[in-house]
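Asker: First, the structure itself, so that you have it in front of you.
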Amino acid sequence: MKRIILFVSFFSFCAFTHAQRKVEVVEPVKQEHVEKGQKVIKRKVAIGRFSNETQYAKGIFYDKDNDPMGKQALDILSAKLAASEKFLLLERGDLNTLLEEAKKSDNGLATIGADYMIIGSITEFGRKNVGKTGAFSATKSQIVEAAVAIRLVDVSTGLIIYSDEGKGSAELTTRTTMGVGGKADYDATLSDKAISEAIGQLVENIINKCTDKPWRTFFLSYDSNAQLIAGGASQGIKVGDIFAVMTKGKKVKNPQTGVMIELPGKQIGTVTVSATGGDTPETEYSFVSFKGTDATIDAEKLTDYYIEEIK
Numbered sequence: 319m320k321r322i323i324l325f326v327s328f329f330s331f332c333a334f335t336h337a338q339r340k341v342e343v344v345e346p347v348k349q350e351h352v353e354k355g356q357k358v359i360k361r362k363v364a365i366g367r368f369s370n371e372t373q374y375a376k377g378i379f380y381d382k383d384n385d386p387m388g389k390q391a392l393d394i395l396s397a398k399l400a401a402s403e404k405f406l407l408l409e410r411g412d413l414n415t416l417l418e419e420a421k422k423s424d425n426g427l428a429t430i431g432a433d434y435m436i437i438g439s440i441t442e443f444g445r446k447n448v449g450k451t452g453a454f455s456a457t458k459s460q461i462v463e464a465a466v467a468i469r470l471v472d473v474s475t476g477l478i479i480y481s482d483e484g485k486g487s488a489e490l491t492t493r494t495t496m497g498v499g500g501k502a503d504y505d506a507t508l509s510d511k512a513i514s515e516a517i518g519q520l521v522e523n524i525i526n527k528c529t530d531k532p533w534r535t536f537f538l539s540y541d542s543n544a545q546l547i548a549g550g551a552s553q554g555i556k557v558g559d560i561f562a563v564m565t566k567g568k569k570v571k572n573p574q575t576g577v578m579i580e581l582p583g584k585q586i587g588t589v590t591v592s593a594t595g596g597d598t599p600e601t602e603y604s605f606v607s608f609k610g611t612d613a614t615i616d617a618e619k620l621t622d623y624y625i626e627e628i629k
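First residue of the sequence shown? That's 319 in the numbering used here, and the numbers climb one at a time after it.
See below:
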């Protein structure tokens, strides 16, 4: 009799243990946040659009302009880029709404141009249920798989500087033993996790591509009273920062591609930041002092120069 009780107790314990719900999600690529003391000049990035190119959830009443999966992917990408602390993210998806709201305000809305634009789409999405039944136990899993494609465009040239596809998956598994255990209901969060994982695989490459090209800005004013450049605290500019002053290189047309390219400029000196000001990214500025090598700045031709990050 004792043996029978122990036998039943053993299987009851197993059933209780396996009834717990288990979610398996492959961890996304970890983002490298700004290390303490590391100098980062934030680039201006806009996400142009994020569409759903799959047939998932596209019924007779499907609205392409209000696709929930596309907007969900856009929000996930925005959150991951913001967490890197290396970008000024510009709103483009809801720009029309912002412009309408700005009409009701006396201040209006001042839009600024981006250095880079991201265009993305969900290219694959699917959900499946798989199961396995044994002599005393049964296992059932919900699996969601997603693929996301992204293009990164340099706004100044219109060229695609990075294009790639990331894939992610999420799984929820439940197990029963001798008919005892939990049952997995439909879990909508698996979709979020799969899309998030796919995007996470691409974020680090986006960061690296955007920061490969040196940050650039321009003179706002140059006279005996003040020397100002565009950009301020929100982009990571601090008092004491030193940037190179360059003359613009000659623009030529590449006969192979038909694209106008700017040849490398010549460094004629440096500027050192003495103070920053402005309230918003589009109105920020920095006071600088110029130190030339063998040249001076022509205040009448400020558009012939640009200020560049020293790598």
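C-beta atoms are modelled at their ideal positions from N, C-alpha and C, and glycine is treated no differently. Note that the coordinates shown come from a computational prediction; the quantities given were computed from them, not determined experimentally.
Taking DSSP's pairing of strands, which residues face N447 in a bridge?
Answerer: Along the sequence shown, one-based indexing puts residue 447 at 129. In the DSSP output, where bridge partners are listed per residue, N447 has Q460.
Asker: What is the rounded straight-line gap between the Cα of S592 and the Cα of S402?
Answerer: As a working note, residue 592 is residue 274 in the sequence shown. As a working note, residue 402 is residue 84 in the sequence shown. So the alpha carbons of these two residues sit roughly 27 angstroms apart.
Asker: Helix, strand or coil: which one does DSSP assign to K340?
Answerer: Start at 1 with the first residue of the sequence shown, and residue 340 comes out as number 22. In this prediction, K340 scores a pLDDT of 39, lower than 50, which makes its location untrustworthy; the coordinate-derived value is nonetheless stated afterwards. In this structure, K340 counts as strand in the three-state DSSP scheme.
Asker: Given a threshold of 16 other Cβ atoms within 10 Å of its Cβ, counted over all protein chains shown, does A506 qualify as buried or as exposed?
Answerer: For the purposes of this step, residue 506 is identified with residue 188 of the sequence shown, where counting begins at 1. A506 comes out exposed.
Asker: Whole angstroms is fine: what's the gap from E345's alpha carbon to I513's?
Answerer: Looking up residue 345 in the sequence shown gives position 27. Looking up residue 513 in the sequence shown gives position 195. Confidence is the limiting factor: at E345 the pLDDT is only 43, short of 50, which leaves the residue's position unreliable, though a coordinate-based value still follows. Each residue's alpha carbon lies about 12 angstroms from the other.
Asker: What do you get for F536, buried or exposed, if any count of 16 or more other CB atoms within 10 angstroms of its CB means buried?
Answerer: Counting from one through the sequence shown, the residue named residue 536 turns up at place 218. Exposed: under 16 other Cβ atoms inside 10 Å.
Asker: Can you tell me which of the three DSSP states Q373 falls into?
Answerer: On the sequence shown, position 55 is the one that residue 373 refers to. Looking at Q373 - three-state DSSP - the assignment turns out to be coil, as it is neither helix nor strand.
Asker: Mapping the DSSP letters down to three states, classify E618 as helix, strand or coil.
Answerer: Position 300 of the sequence shown, counting from 1, holds the residue named residue 618. It is helical.
Asker: Contact between the region 599-615 and the region 532-552 is defined here as three or more beta-carbon pairs at a separation below 8 angstroms; is this criterion met?
Answerer: The answer is yes - the region 532-552 touches the region 599-615, with three or more Cβ pairs under 8 angstroms.
Asker: What is the rounded straight-line gap between the Cα of L416 and the Cα of L408?
Answerer: Counted from its first residue, the sequence shown places residue 416 at position 98. Counted from its first residue, the sequence shown places residue 408 at position 90. Caution applies to L416, whose pLDDT of 42 falls short of 50 and renders its modelled position unreliable; the value that the coordinates give is listed next. Cα-Cα distance, rounded: 12 angstroms.
Asker: Measure the alpha-carbon distance for Q460 versus Q519 and round it to whole angstroms.
Answerer: On the sequence shown, position 142 is the one that residue 460 refers to. On the sequence shown, position 201 is the one that residue 519 refers to. If you take the alpha carbons of Q460 and Q519, they lie about 22 angstroms apart.
Asker: Give the secondary structure of L413 by DSSP, where H, G and I count as helix, E and B as strand, and everything else as coil.
Answerer: Locating residue 413 in the sequence shown gives position 95, where the first residue counts as 1. Reliability of the predicted coordinates at L413 is poor, the pLDDT of 47 falling under 50, and no value is obtained from them.
Asker: Is it true that the CB of K556 sits closer than 8 angstroms to the CB of Y480?
Answerer: Counted from its first residue, the sequence shown places residue 480 at position 162. Counted from its first residue, the sequence shown places residue 556 at position 238. No; because the gap between Cβ atoms is not below 8 angstroms, this pair is not in contact.
Asker: Do the CB positions of A456 and K485 come within less than 8 angstroms of each other?
Answerer: Position 138 of the sequence shown holds residue 456. Position 167 of the sequence shown holds residue 485. No, they are not a contact pair.
Asker: Is it a yes or a no for the region 613-625 touching the region 572-581, going by three-plus beta-carbon pairs under 8 angstroms?
Answerer: Touching, no.
Asker: For the beta strand (DSSP E) holding A562, just list the boundary residues, first then last.
Answerer: Here residue 562 corresponds to residue number 244 of the sequence shown, with the count starting at 1. Counting along the chain, the beta strand (DSSP E) containing A562 begins and ends at 560-565.
Asker: From the DSSP output, in three-state form, read off V352 for me.
Answerer: Reading the sequence shown from its first residue, position 34 is the one you call residue 352. With a pLDDT of 42 at V352, under the threshold of 50, the modelled position of that residue is not reliable, and no figure is offered here.
Asker: At the level of alpha carbons, what is the spacing between S439 and K511?
Answerer: The count along the sequence shown starts at 1 and reaches residue 439 at position 121. The count along the sequence shown starts at 1 and reaches residue 511 at position 193. Approximately 16 angstroms between the Cα atoms of the pair.
Asker: Quick one: grab the DSSP three-state call for A506.
Answerer: Position 188 of the sequence shown holds residue 506. DSSP places A506 in coil when its eight states are reduced to three.
Asker: Suppose you measure from the CA of R445 to the CA of I468; what does that come to, to the nearest Å?
Answerer: As a first step, residue 445 must be located in the sequence shown, where it is residue number 127. As a first step, residue 468 must be located in the sequence shown, where it is residue number 150. The straight-line gap from Cα to Cα measures roughly 22 angstroms.
Asker: Considering Cα atoms alone, identify which of M564, E522, K458, G550 is closest to D597.
Answerer: Taking the first residue of the sequence shown as position 1, residue 597 is located at position 279. Comparing Cα positions, the closest option is G550.
Asker: What residue range does the alpha helix (DSSP H) around K389 cover?
Answerer: One-based indexing of the sequence shown puts residue 389 at position 71. That run of the alpha helix (DSSP H) goes 386-401.
Asker: Where DSSP assigns a beta bridge to L477, which residues make up the other side?
Answerer: What you label residue 477 is simply residue 159 of the sequence shown in a count that begins at 1. L477 is bridged to D472.
Asker: Report the rounded CA-to-CA distance for S474 versus I365, giving the unit in angstroms.
Answerer: By 1-based counting over the sequence shown, the position of residue 474 is 156. By 1-based counting over the sequence shown, the position of residue 365 is 47. C-alpha separation (whole angstroms): 16 angstroms.
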